[in-house]
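In what follows, a single structure is set out as structure tokens and then discussed.
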Amino acid sequence: HGDMFSPNSLPKLKALEIASNRLTSIPSTLATLPRLAKLVLNNNSLTALPTELYYMPSLTFLDLGSNKFSELPEEIANLGQQLVTLFINSNQLEHLPVGLKSCAGMTRFNVKSNPLKLVDANTKAVFEKMKQYTDANGGKFIA
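Residues in the sequence shown are numbered from 1 upward in steps of one, following this note's numbering.
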């Protein structure tokens with residue numbers, strides 16, 4: 001009996017929604033799903049993701065809304081241009097990682113209901129860059 005999220009078990013899986021399950025962690029093996037483009041993890045109790053998830057080659061949509069994140073790692077930069085939707089609303093984020101600036105393809109960004117400290121120069125710069133990207137890409141910025 002192998003891991004449910006191994007690339008051999010679900011090679012064509014493109015979307016995975018595990019919302020509202022009181023999850024406190026998710027397996028790093030999710031990152032081995034080669035075609036996973038949409039990952040919905042909202043309304044859980046997550047405080048972090050396995051670092052491997054920030055290196056997924058096909059991930060374009062990431063919903064982490066309504067969790068317990070107090071920070072996002074700089075590794076989010078590895079999703080770069082491919083990440084077009086990021087929902088991080090209703091968490092406990094005070095700062096935004098500078099790595100988000102590399103996500104120039106962003107069309108939908110939701111950071112509403114976080115105690116962001118926009119007096120922090122880096123957080124303010126990232127916040128403004130996300131607005132600039134979503135506007136340029138004809139998308140939606142929610143803060």
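The beta-carbon is built from N, C-alpha and C at its ideal position, and this holds for glycine as well.
Taking 8 Å as the cut-off, decide whether the C-beta atoms of residue i and residue j are in contact.
i: Val-126; j: Leu-100; result: yes
i: Phe-87; j: Asn-67; result: no
i: Gly-80; j: Cys-103; result: yes
i: Tyr-55; j: Ala-31; result: yes
i: Leu-46; j: Leu-23; result: yes
i: Ser-28; j: Pro-50; result: yes
i: Met-106; j: Thr-134; result: yes
Give the DSSP-derived three-state secondary structure of residue i in the structure shown.
i: Lys-124; result: helix
i: Leu-30; result: helix
i: Leu-46; result: coil
i: Asn-78; result: helix
i: Lys-129; result: helix
i: Leu-146; result: Absent from the model: residue 146. The displayed extent of the chain is 1 to 143, so no value can be given.
Could you spell out where the beta strand (DSSP E) holding residue i opens and where it closes?
i: Glu-17; result: 15 to 17
i: Ile-142; result: 140 to 142
i: Phe-61; result: 61 to 63
Problem set entry | Secondary structure, beta strand (DSSP E): runs of 3+ residues fully inside the stretch 81 to 107 | Listed in chain order, the beta strand (DSSP E) elements of length 3 or more contained wholly in the stretch 81 to 107 are 85 to 87.
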